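Peer 1: According to the UniProt record's numbering, the sequence shown holds residues 1 to 251 in order. The beta carbon of each residue, even a glycine, is placed where N, CA and C say it ideally should be. Remember, it's a predicted structure, so these values are computed and weren't measured experimentally.
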Amino acid sequence: MKNLVLIIFMAMVAFSCKDKAEKNQKEMESERVAEAEAEKPPAEWTVLFDGSSFDGWKEYNKEGVSDNWKLEDGAMVFYPPTEREEGEAFNLVTEKEYTDFILSLEWKISEGGNSGVFWGVNETPELSEAYQTGPEVQVLDNEKHPDAKNGTTHQAGSLYDMIAPSEDVTKPVGEWNTMVITINHKEQKGSISLNGTDVVDFPVGNEMWNVMVSKSKFADWDHFGKFTTGKIGMQDHGNMVSFRDIKIKEL
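(1) Whose C-beta lies closer than 7 Å to the C-beta of Lys217 among residues of the same chain, with five residues either side of it excluded?
(2) Where DSSP assigns a beta bridge to Gly233, which residues make up the other side?
(3) Beta-carbon within less than 7 Å of Gln132's beta-carbon, same chain only, minus the 5 sequence neighbours each way: which residues are those?
(4) Tell me, please, which residues DSSP counts as bridged to Lys247.
(5) Measuring alpha carbon to alpha carbon, tell me which of Gly190, Thr46, Val121 ends up nearest Lys58.
(6) Entirely within the region 123-148 and at least 3 residues each: give me those beta strand (DSSP E) ranges in chain order.
(7) Three-state secondary structure (DSSP) at Asn239?
(8) Out of curiosity, what's the CA-to-CA distance linking Lys226 and His185?
(9) What is the rounded straight-line gap between the Cα of Lys189 and the Cα of Ala130?
(10) Measure the C-alpha to C-alpha separation of Pro146 and Glu167 and round it to an integer number of angstroms.
(11) Any chance the region 105-115 sits against the region 134-148, with 3 or more Cβ pairs inside 8 Å?
(12) Using only alpha-carbon positions, find the residue among Asp100, Leu159, Val117 that is nearest to Val213.
(13) Can you tell me whether Gly233 is buried or exposed, with buried defined as 16 or more other CB within 10 angstroms of its CB?
(14) So, at 8 Å on beta carbons, what are the nonlocal neighbours of Gly87 in its own chain, with the 5 sequence-adjacent residues on each side left out?
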């Protein structure tokens with residue numbers, strides 16, 4: 001009997017030592033991973049638009065950039081055409097696709113104007129508009145554009161038709177607004193900052209995102225918000241709009 005008790009005791013001690021050793025090993029591995037991450041150089045900003053050319057950009061479902069987009073004083077400026085064919089649009093998109101990033105830019109809207117910034121755009125001939133896939137951060141003259149009266153989820157800085165900005169921090173028409181959009185699928189988080197104020201936080205790439213979309217005008221859109229990786233886009237909404245100092249930091 002004593003031998004049996006001794007055997008059981010020794011087995012328990014051995015198991016305890018093994019469990020402790022495995023725990024210590026995991027902690028050491030975690031520390032090594034943390035140290036390796038800390039030693040990595042910080043992510044660098046990549047300039048997407050330096051004010052001198054449209055290199056790296058094209059119009060959605062087209063080749064190159066039309067004369068409706070012009071370079072003026074270091075900015076890309078959209079001049080809506082006086083006439084256009086039915087269904088014709090001049091949305092601008094990056095040639096490269098992005099997944100997790102911080103996008104920083106400045107925008108200036110015309111009086112009574114409307115535009116937007118997209119991400120997750122899937123460029124395909126079957127879809128005529130960038131907004132059919134890419135979620136939009138609204139760019140708007142909150143004072144004079146009628147869409148601002150359709151609810152705060154349509155105002156400048158909003159995640160369009162889904163989440164309203166916590167406050168209106170837009171500058172008067174004719175002045176530049178600084179906007180920062182963060183999309184991080186690893187953490188399933190997104191955010192929008194406008195003129196130095198965090199105005200919107202939202203989920204991405206999870207069931208909470210799907211629920212949010214289901215309560216919006218995009219609920220029955222087959223392709224909307226489905227692409228984790230996609231292009232950045234600037235919207236042609238029929239009004240003059242300017243963008244500058246566009247840069248991105250991939251996460």
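Peer 2: In this structure, then:
(1) Within the sequence shown, residue 217 is the residue found at index 217, counting from 1. Excluding five sequence positions before and after Lys217, the CB atoms of its chain that fall closer than 7 Å to its own CB belong to Asp161, given in chain order.
(2) If you number the sequence shown from 1, residue 233 lands on position 233. In DSSP, Gly233 forms a bridge with Val93, Phe118.
(3) Taking the sequence shown and counting its residues from 1, one reaches residue 132 at position 132. Within its own chain, the residues whose Cβ lies closer than 7 Å to the Cβ of Gln132, once the five positions on either side in sequence are excluded, are Trp221, His223, Phe224, listed in chain order.
(4) The residue you call residue 247 lines up with position 247 of the sequence shown. Under DSSP, the beta-bridge partners assigned to Lys247 are Val47, Ser104.
(5) For the purposes of this step, residue 58 is taken as the residue at position 58 of the sequence shown. Comparing Cα positions, the closest option is Val121.
(6) Counting whole runs of 3 or more residues, the region 123-148 contains the beta strand (DSSP E) stretches 136-140.
(7) Here the question's residue 239 lines up with position 239 in the sequence shown. Coil, per DSSP.
(8) Translated into positions along the sequence shown, residue 226 becomes position 226. Translated into positions along the sequence shown, residue 185 becomes position 185. Across the structure, Lys226 and His185 are spaced so that their CA atoms are roughly 12 Å apart.
(9) Counting from one through the sequence shown, the residue named residue 189 turns up at place 189. Counting from one through the sequence shown, the residue named residue 130 turns up at place 130. Looking at the two C-alpha atoms, the distance is approximately 22 Å.
(10) Stepping through the sequence shown from its first residue, residue 146 is reached at position 146. Stepping through the sequence shown from its first residue, residue 167 is reached at position 167. One alpha carbon belongs to Pro146, the other to Glu167, and they sit about 18 Å apart.
(11) Result yes; three or more Cβ-Cβ pairs closer than 8 Å.
(12) Stepping through the sequence shown from its first residue, residue 213 is reached at position 213. Restricting attention to Asp100, Leu159, Val117, the CA atom closest to the CA of Val213 is found in Leu159.
(13) Sequence index remark: in the sequence shown, residue 233 carries index 233 (1-based). When all chains shown are included, Gly233 counts as buried.
(14) On the sequence shown, residue 87 is found 87 positions in, with the first residue counted as 1. Here the set comprises Ser128.
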